[in-house]
Amino acid sequence: MDPEVAKLIGAGIAAGFGAIGPGIGVGLVGLGALQAIGRNPEARGPVMTNMILAIAFAEAVAIYALIVAILLIFVA
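Here the sequence shown is numbered in the working numbering, starting from 53 and rising by one per residue.
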């Protein structure tokens, strides 16, 4: 196998697996927040704040995976 092809396949795998986890995590966070707001509508403010913070942390993982994939393409 050509090293250039292997490098691109590795970058694709890194980006793909790095996006699956945060995608599932953001969905679960949204589900939990909607259930919490449905049970206690008065707690909407704190629940939304914590939900947005958790989503930001989950999306940071996806951004790190994207950076690793770009590094694999251009540096390795």
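Just so it is clear, CB atoms sit at the ideal spot from N, CA and C, and this is done for glycine as well. None of these values were measured; they are calculated from a predicted model.
Just to check my reading of the structure: residue i and residue j have Cβ atoms closer than 8 Å, yes? What is that Cβ distance to the nearest angstrom?
i	j	result
I59	A128	Note on identity: in this sequence residue 59 is Lys, with Ile being the wrong assignment. That belief holds up - the Cβ atoms of K59 and A128 are roughly 6 Å apart, short of 8 Å.
A66	A121	5 Å
V81	A110	7 Å
Is residue i buried or exposed, if buried means 16 or more other CB atoms sit within 10 Å of its CB?
i	result
E70	Note that residue 70 is Gly in the sequence shown here, rather than Glu. Buried, by the Cβ-count rule.
L123	exposed
V99	buried
N63	Position check: residue 63 holds Ala in this sequence, whereas Asn was assumed. Under this definition A63 is a buried residue.
P55	exposed
Where does residue i sit, in a helix, a strand or coil, going by DSSP?
i	result
M103	helix
A112	helix
V120	helix
A128	coil
Determine the extent of the alpha helix (DSSP H) in which residue i is found, giving its start and end residues.
i	result
A71	P55 to R91
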